[in-house]
Amino acid sequence: MNIRNYYYERDPQYRERVARSNKKILTKIIKGAARALAQFHQYGGHRDIQYPNFLVSSDQDLNSNVIDVKLIDFNNSLIYKGNQPDRIEGIQREDVYKFGRMVYKLFNEHYGKRIPKLNEFPIYNHNSKLDRVIKACFQDESIRPSMQEIVDFLNRNNIGEFEYERNIRQVEQQQQHHETPQIEHSLPPDASPPPVAANFRVFAVKFDLFSKI
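Residue numbers for the sequence shown follow the UniProt record's numbering, beginning at 1 and rising by one.
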């Protein structure tokens, strides 16, 4: 069965459309799905990332740390052939974005299917791991993580934060050391302040279902 149906059967709160769902099951499923896609990215780009293409065996042990997930449907995939690395890397970055979109829609579907625009999300400092993964997947391609980085982050393997989070921290440190006021003071009174950083996007999931994981 696909990951949505698997989760639907194992979380009564999800079936009953209760806002706060079982965070442990969610994280285990996402770990397995991320691992499956990261493994495929060793060979190419998938190009059809959606929950029906991630399958789970119904007899898995829920006490395990990760739910094993199998990735299927490679009809549109592009495999490394030695002369297309740039094209495949672009497809993989798009896979990562679609993975984040899948996670958001899958676990927020009771609130509507539309993915909010980035400027609709306020900055939110207390984020769970799944919130942070979704936000990382939605970043500009230049700082979007690889699927292996997402796997390592979820499993606490030497990655404690994503690049966009490091950018935020660096900007906050600069502001604390008063390195930016002179820029703001040079602006006309009616001018808008410059963006804090143009190469990354900061936003929080509108419905924080995964707090304190």
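Don't be surprised by glycine CBs; every beta carbon is placed ideally from N, CA and C.
Check: What runs of the alpha helix (DSSP H), each 4 residues or longer, lie entirely inside the region 15-61?
Finding: With a minimum length of 4 residues, the continuous alpha helix (DSSP H) runs that stay inside the region 15-61 are 23-40.
Notebook entry, point to check: Would you call the region 68-79 and the region 48-57 in contact, with 3 or more CB pairs under 8 angstroms?
Noted result: yes
Item checked: Continuous alpha helix (DSSP H) stretch holding I168: start and end -> If you number the sequence shown from 1, residue 168 lands on position 168. Per DSSP, I168 belongs to the alpha helix (DSSP H) from 163-176.
Next item on the list: Could you check the C-alpha separation between I67 and Q175 for me, to the nearest Å?
Entry: Residue 67 sits at position 67 when you count from the first residue of the sequence shown. Residue 175 sits at position 175 when you count from the first residue of the sequence shown. Roughly 42 angstroms between the two C-alpha positions.
Next item on the list: With DSSP as the reference, label K70 as helix, strand or coil.
Entry: Position 70 of the sequence shown, counted from the first residue, corresponds to residue 70. In the structure shown, K70 sits in a strand (DSSP, three-state: E or B).
Note to self: With three or more beta-carbon pairs closer than 8 angstroms as the criterion, would you say the region 53-67 touches the region 85-97?
What the structure shows: no
Next item on the list: Consult DSSP for F155 and reduce its assignment to one of helix, strand or coil.
Entry: Indexing the sequence shown from 1 puts residue 155 at position 155. The residue you asked about is not Phe; residue 155 is Asn in the sequence shown. N155: coil per DSSP, three-state reduction.
Item checked: Helix, strand or coil at N5 according to DSSP, with G and I counted as helix -> Start at 1 with the first residue of the sequence shown, and residue 5 comes out as number 5. Helix, per DSSP.
Margin query: For I168, tell me which candidate among Q139, V151, N157 has the shortest Cα-Cα distance.
Written below: One-based indexing of the sequence shown puts residue 168 at position 168. The option with the nearest alpha carbon to I168 is Q139.
Note to self: Tell me which residue opens and which closes the alpha helix (DSSP H) that D131 is part of.
What the structure shows: Locating residue 131 in the sequence shown gives position 131, counting from the first residue. It spans 129-137 - the alpha helix (DSSP H) in which D131 sits, taken as one unbroken run.
Next item on the list: Would you mind sorting R156 into buried or exposed? The rule is 16 or more other CB atoms within 10 Å of its CB.
Entry: What you label residue 156 is simply residue 156 of the sequence shown in a count that begins at 1. Exposed is the call here.
Notebook entry, point to check: Which residues share a DSSP beta bridge with L78?
Noted result: Here residue 78 refers to the residue found at position 78 of the sequence shown. Beta-bridge pairing links L78 to G45.
Item checked: Euclidean distance between Cα positions of D131 and Y104 -> Numbered from its first residue, the sequence shown carries residue 131 at position 131. Numbered from its first residue, the sequence shown carries residue 104 at position 104. Answer to the nearest angstrom: the Cα atoms are 9 angstroms apart.
Next item on the list: Between the Cα of V151 and those of K81, N108, F99, I88, spot the shortest distance and give me the residue it belongs to.
Entry: Numbered from 1 along the sequence shown, position 151 holds the residue referred to as residue 151. Ranking the options by Cα distance to V151, first place goes to F99.
Notebook entry, point to check: Below 9 angstroms between beta carbons: does that hold for I3 and V69?
Noted result: As a working note, residue 3 is residue 3 in the sequence shown. As a working note, residue 69 is residue 69 in the sequence shown. Cβ atoms of I3 and V69: closer than 9 angstroms.
Next item on the list: Determine the contact status of F153 and K135, defining contact as a CB-CB distance below 9 angstroms.
Entry: The count along the sequence shown starts at 1 and reaches residue 153 at position 153. The count along the sequence shown starts at 1 and reaches residue 135 at position 135. Contact check for F153 against K135 fails: the beta carbons are separated by 9 angstroms or more.
Check: According to the Cβ coordinates, are E62 and K28 closer than 9 angstroms?
Finding: Here the question's residue 62 lines up with position 62 in the sequence shown. Here the question's residue 28 lines up with position 28 in the sequence shown. Note on identity: in this sequence residue 62 is Leu, with Glu being the wrong assignment. Result yes, Cβ atoms of L62 and K28 sit closer than 9 angstroms.
Margin query: Here's the rule: buried if 16 or more other CB atoms are within 10 angstroms of the residue's CB, otherwise exposed. What is G44?
Written below: As a position in the sequence shown, residue 44 is number 44, starting the count at 1. It is buried - the Cβ of G44 has at least 16 other Cβ atoms within 10 Å.
Checklist line | Residue environment, Y6, which counts as buried when at least 16 other CB atoms sit within 10 Å | finding: Within the sequence shown, the letter at position 6 stands for residue 6. Label assigned to Y6: buried.
Next item on the list: Assign M1 to one of two classes, buried (16 or more other C-beta atoms within 10 Å of its C-beta) or exposed (fewer than that).
Entry: Counted from its first residue, the sequence shown places residue 1 at position 1. By the C-beta density criterion, M1 is exposed, having fewer than 16 other C-beta atoms within 10 angstroms.
Check: In whole angstroms, what separates the C-alpha of S64 from that of F40?
Finding: Indexing the sequence shown from 1 puts residue 64 at position 64. Indexing the sequence shown from 1 puts residue 40 at position 40. Roughly 22 angstroms separates the two Cα atoms.
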